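Notes follow the structure.
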Amino acid sequence: VPVSKLYKTASGELADYFVIPAGTDVIFPIASINILPSVWGPDGEQFRAERWIEKDGLPEEVQNLSGGFVHTFTFISGPRACLGMRFGTLTGFCSPRVTPCIIDFCICLRKQLSRRSRF
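Residues in the sequence shown are numbered consecutively from 208, following this note's numbering.
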């Protein structure tokens, strides 16, 4: 498996790949990968919807990857991609904007209903 950075093996040689024996279970720490400062910058732990909306919002390291949200392991890619990807991203983007409007509407509706019950 190729790797993006050279590393030193136990024998002291530099290598740019790992050998993974057949049948080995490989686990990806998705939550950690999605906030790596080396990829996402110093604010990698913060959710910023602008990263995916603005033209230059994504870091250079992930801008040229193909496959929609392939630059995050959260939704994966291909035939087994997450069915809830669009819902999840829209919810994360819309909730902070829509929730205050819903709260204002409920407060206004409650005031109107309380006025009607007096008559």
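Ideal placement from N, C-alpha and C gives every residue a C-beta, glycine not left out.
All values reported here derive from a predicted model rather than from experimental measurement.
Could you spell out where the beta strand (DSSP E) holding Val210 opens and where it closes?
-> Note, Val210: beta strand (DSSP E), 209-215.
Whole-angstrom C-beta distance between Ile242 and Gly379, which should lie under 8 Å = Residue 379 is absent from the structure shown; the chain starts at 208 and stops at 326.
Return the CA-CA distance between Thr216 and Val226, expressed in angstroms with no decimal places.
-> Approximately 12 Å, taken between the alpha carbons.
First and last residue of the beta strand (DSSP E) that includes Asp223?
-> Counted as a single uninterrupted DSSP element, the beta strand (DSSP E) harbouring Asp223 occupies residues 221-224.
What is the DSSP secondary structure of Glu257, counted as helix, strand or coil?
-> In the structure shown, Glu257 sits in a helix (DSSP, three-state: H, G or I).
State the DSSP-derived secondary structure class of Ile310, mapped to helix, strand or coil.
-> If DSSP states are grouped into helix, strand and coil, Ile310 belongs with the helices.
Arg329: buried (16+ other C-beta within 10 angstroms of its C-beta) or exposed?
-> With the chain covering 208 to 326 only, the question about residue 329 has no answer from this structure.
For Gly230, which of helix, strand or coil comes out of DSSP?
-> Here Gly230 sits in coil by DSSP.
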